[in-house]
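Number of protein chains: 2
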Amino acid sequence: MRQEDLATRLGEKIRNVPDFPKPGIQFKDITTLLADGAAFREATQWMAGLARAKRVDRVAAVEARGFIFGAALARELNTGFAPIRKPRKLPYKTIAESYSLEYGTDSVEMHVDAVKPGESVLLVDDLLATGGTMLAACRLVERQKASVAACVFLIELAFLKGRDKLSPRETHALIRVDSE
Amino acid sequence: MRQEDLATRLGEKIRNVPDFPKPGIQFKDITTLLADGAAFREATQWMAGLARAKRVDRVAAVEARGFIFGAALARELNTGFAPIRKPRKLPYKTIAESYSLEYGTDSVEMHVDAVKPGESVLLVDDLLATGGTMLAACRLVERQKASVAACVFLIELAFLKGRDKLSPRETHALIRVDSE
Chain A
1136 MRQEDLATRL GEKIRNVPDF PKPGIQFKDI TTLLADGAAF REATQWMAGL
1186 ARAKRVDRVA AVEARGFIFG AALARELNTG FAPIRKPRKL PYKTIAESYS
1236 LEYGTDSVEM HVDAVKPGES VLLVDDLLAT GGTMLAACRL VERQKASVAA
1286 CVFLIELAFL KGRDKLSPRE THALIRVDSE
Chain B
1136 MRQEDLATRL GEKIRNVPDF PKPGIQFKDI TTLLADGAAF REATQWMAGL
1186 ARAKRVDRVA AVEARGFIFG AALARELNTG FAPIRKPRKL PYKTIAESYS
1236 LEYGTDSVEM HVDAVKPGES VLLVDDLLAT GGTMLAACRL VERQKASVAA
1286 CVFLIELAFL KGRDKLSPRE THALIRVDSE
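Sequence lines, in order, name chains A and B.
If you read the first sequence in this note's numbering, its first letter stands for residue 1136, the second for the next number, and so on.
If you read the second sequence in this note's numbering, its first letter stands for residue 1136, the second for the next number, and so on.
What follows is the structure, given as structure tokens:
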């Protein structure tokens, strides 16, 4: 199937929830896609197809929704999975990276032994918005002297230009949303 | 392979982190198991083997670590996945269930359309401790007039007797820890 057809079909499985988490935001609710076993399979297999075109030693993703596609993809590719978490959630020694929010900053952490020097790591999340969280995740991987094979998303809010922030890293998204 | 041998081998992949999240607690760190693609596969396939002995229409799990095995298992069984989340994380209409913590209470939420009446739902998490969160998850499923096929865990802290709390629901755990 052509990627455009798959994007259209899976895009129809996503629910728009108006005014969440605050007025004026159209939230992209992926739970309706996840509820459909065939759609969840197709989305995961599209991601896996991208990954198979390159070397991927490990999949990493940021909690909580990122864990869903991250774990599914690691199993599909038969690799290990490296969870990246909010502060104080990981029990062992960690490194941290901060990123900007609309008001203030937040940070994400990864275990120091989650990825190994020289590894090629695929990063995955459900949605690319401003790209701040994913950029922080990339930096965690790169600080461990591993490389980012690509950043892969189900949905890209293209008008927020998160892809530019992740450049020059390779970025893929199945479903592109062009306006708010 | 006998289940005892698998439990021993995968148990060796789990890291004990002393004094996390507070002094006196030996935290079971599953990230070292997840980092090993073969171990992650074997753990998921053990869970899938239990599921195949019964009807499972859907897999559900509580964030965040529960999403890892939940998503992997839904893909392995080719079913949909229903995320259960902390308050105010899910965008659509939800139902909520509270559970007791050491000090105070917390709650978990599920979308009203996450499971359908009459469905048989497999609940999964990495670790069974007191069972409070999993019991709340079971009640969410049952309030939607679906049934709990079983509660499946990688690790059971048997001395906390969470299994009793989940009774009469079927409960399985691969790795049993008998003392603190």
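For glycine and all other residues, C-beta sits at the position ideal for the given N, C-alpha and C.
Worksheet item: What whole-angstrom Cβ distance do I1165 (chain B) and L1258 (chain B) have, given they're in contact under 8 angstroms?
Response: In this structure I1165 (chain B) is not in contact with L1258 (chain B), their Cβ atoms being roughly 17 angstroms apart against a cut-off of 8 angstroms.
Worksheet item: Since R1176 (chain B) meets chain A, which of its residues come closer than 7 angstroms, beta carbon to beta carbon?
Response: Here the neighbours are R1210 and N1213.
Discussion item. Between Y1234 (chain A) and L1292 (chain A), how many whole angstroms is the CB-CB distance? I'm expecting something under 8 angstroms.
Written reply: Their Cβ separation, rounded to whole angstroms, is 16 angstroms, which puts Y1234 (chain A) and L1292 (chain A) out of contact at 8 angstroms.
Worksheet item: Do the stretch 1251-1266 of chain B and the stretch 1177-1192 of chain B touch if we need at least three Cβ pairs shorter than 8 angstroms?
Response: yes
Worksheet item: Taking the Cβ atom as the reference point for each residue, do A1152 (chain A) and Y1227 (chain B) lie within a distance shorter than 8 angstroms?
Response: According to the sequence provided, residue 1152 (chain A) is Val. The question's Ala does not apply to it. For V1152 (chain A) and Y1227 (chain B), yes; Cβs fall inside 8 angstroms.
Worksheet item: Out of curiosity, what's the CA-to-CA distance linking A1210 (chain A) and R1190 (chain A)?
Response: What sits at residue 1210 (chain A) in the sequence shown is Arg, not Ala. Roughly 16 angstroms separates the two Cα atoms.
Item to complete: Can you give me, in chain order, the residues of the stretch 1267-1298 of chain A that have a beta carbon less than 9 angstroms from any beta carbon in chain B?
Response: Answer in chain order: no residues at all.
Worksheet entry | Neighbour list for E1198 (chain B) in chain A, Cβ cutoff strictly below 9 angstroms | E1198, A1199, R1200 and F1202
Item to complete: Determine, using beta carbons only, whether R1137 (chain A) comes closer than 8 angstroms to chain B.
Response: no
Fill in: Nonlocal neighbours in the same chain, by C-beta distance under 7 angstroms from I1160 (chain B), ignoring five residues either side
D1154
Worksheet item: For A1196 (chain B), which three-state DSSP category applies?
Response: strand
Item to complete: Excluding the 5 residues preceding and the 5 following R1278 (chain A) in the sequence, name in chain order all residues of the same chain whose CB lies nearer than 7 angstroms to its CB.
Response: I1230
Worksheet item: For A1249 (chain B) and chain A, any beta-carbon pair shorter than 8 angstroms?
Response: yes
Item to complete: State the DSSP-derived secondary structure class of V1259 (chain B), mapped to helix, strand or coil.
Response: strand
Worksheet item: chain A beta carbons: is any one of them nearer than 8 angstroms to that of L1169 (chain B)?
Response: Chain A, which has a Cβ nearer than 8 angstroms to the Cβ of L1169 (chain B), makes this yes.
Worksheet entry | 7 angstroms CB neighbourhood of T1268 (chain A) in its chain, flanking five on each side removed | V1197, Y1234 and V1243
Discussion item. Against chain A, with Cβ distances strictly below 8 angstroms, would V1152 (chain B) count as a contact?
Written reply: yes
Worksheet item: Candidates B:E1254, B:K1221, B:L1236 and B:R1200: which alpha carbon is nearest R1220 (chain A)'s?
Response: When B:E1254, B:K1221, B:L1236 and B:R1200 are compared, the shortest CA-CA separation from R1220 (chain A) is found for B:R1200.
Discussion item. Under DSSP, the beta strand (DSSP E) around K1163 (chain A) begins and ends at which residues?
Written reply: Segment Q1161 to D1164, the beta strand (DSSP E) holding K1163 (chain A).
Worksheet item: Can you list the residues of chain A that G1146 (chain B) reaches, using a CB-CB cut of under 9 angstroms?
Response: Chain A residues near G1146 (chain B): none, gap ~17 angstroms exceeds 9 angstroms.
Discussion item. For the beta strand (DSSP E) containing L1225 (chain A), name the first residue and the last one.
Written reply: No beta strand (DSSP E) contains L1225 (chain A), which DSSP labels as neither H nor E.
Worksheet entry | 8 angstroms contact criterion, which A1217 (chain A) and A1264 (chain A) should meet: CB distance rounded | Actually they are not in contact, since the Cβ atoms of A1217 (chain A) and A1264 (chain A) sit about 22 angstroms apart, beyond 8 angstroms.
Worksheet item: Which whole-angstrom value is the C-beta distance of R1311 (chain A) and C1286 (chain A), which I expect to be below 8 angstroms?
Response: Not confirmed; about 15 angstroms, so no contact.
Item to complete: Measure how close the beta-carbons of L1092 (chain A) and G1215 (chain B) come, nearest whole angstrom, since I'm counting them as under 8 angstroms.
Response: Residue 1092 (chain A) is absent from the structure shown; chain A starts at 1136 and stops at 1315.
Worksheet item: Using the C-alpha atoms, what's the distance from R1274 (chain B) back to Q1180 (chain B)?
Response: If I take the Cα positions, the gap works out to 26 angstroms.
Item to complete: Can you tell me which of the three DSSP states E1232 (chain A) falls into?
Response: strand
Worksheet item: What residues match up with V1283 (chain A) in a beta bridge as DSSP calls it?
Response: A:V1256
Practice prompt. Give the single residue among A:D1140, A:K1157, A:G1297 and A:D1313 whose Cα lies nearest to the Cα of L1225 (chain B).
Written response: Ranking A:D1140, A:K1157, A:G1297 and A:D1313 by CA distance to the CA of L1225 (chain B) puts A:K1157 first.
Discussion item. Using 8 angstroms as the threshold, is the C-beta distance between L1208 (chain B) and M1182 (chain B) below it?
Written reply: yes
Worksheet item: Could you give the distance in angstroms between the alpha-carbon of I1149 (chain B) and the alpha-carbon of L1212 (chain B)?
Response: Near 25 angstroms, if we compare the C-alpha coordinates of L1212 (chain B) and I1149 (chain B).
Worksheet item: Under 8 angstroms between the Cβ atoms of A1173 (chain B) and L1145 (chain B)?
Response: It is not a contact, given that the beta carbons lie outside the stated cut-off.
Worksheet item: In chain order, what residues of the same chain lie with their CB nearer than 6 angstroms to the CB of T1324 (chain B), ignoring the 5 residues before and after it?
Response: The structure shown does not extend to residue 1324 (chain B), since chain B spans only 1136 to 1315, so no value can be given for it.
Fill in: Span of the beta strand (DSSP E), counted from its first residue to its last, around A1308 (chain A)
T1306 to V1312
Worksheet item: Taking the DSSP output, what are the residues bridged to P1153 (chain A)?
Response: A:Q1161
Worksheet entry | Proximity below 8 angstroms, CB of S1302 (chain B) to CB of S1282 (chain B) | Taking 8 angstroms as the cut-off, the beta carbon of S1302 (chain B) is found no closer than this to the beta carbon of S1282 (chain B).
Worksheet item: So, F1202 (chain A) versus A1206 (chain B), is the Cβ gap smaller than 8 angstroms?
Response: yes
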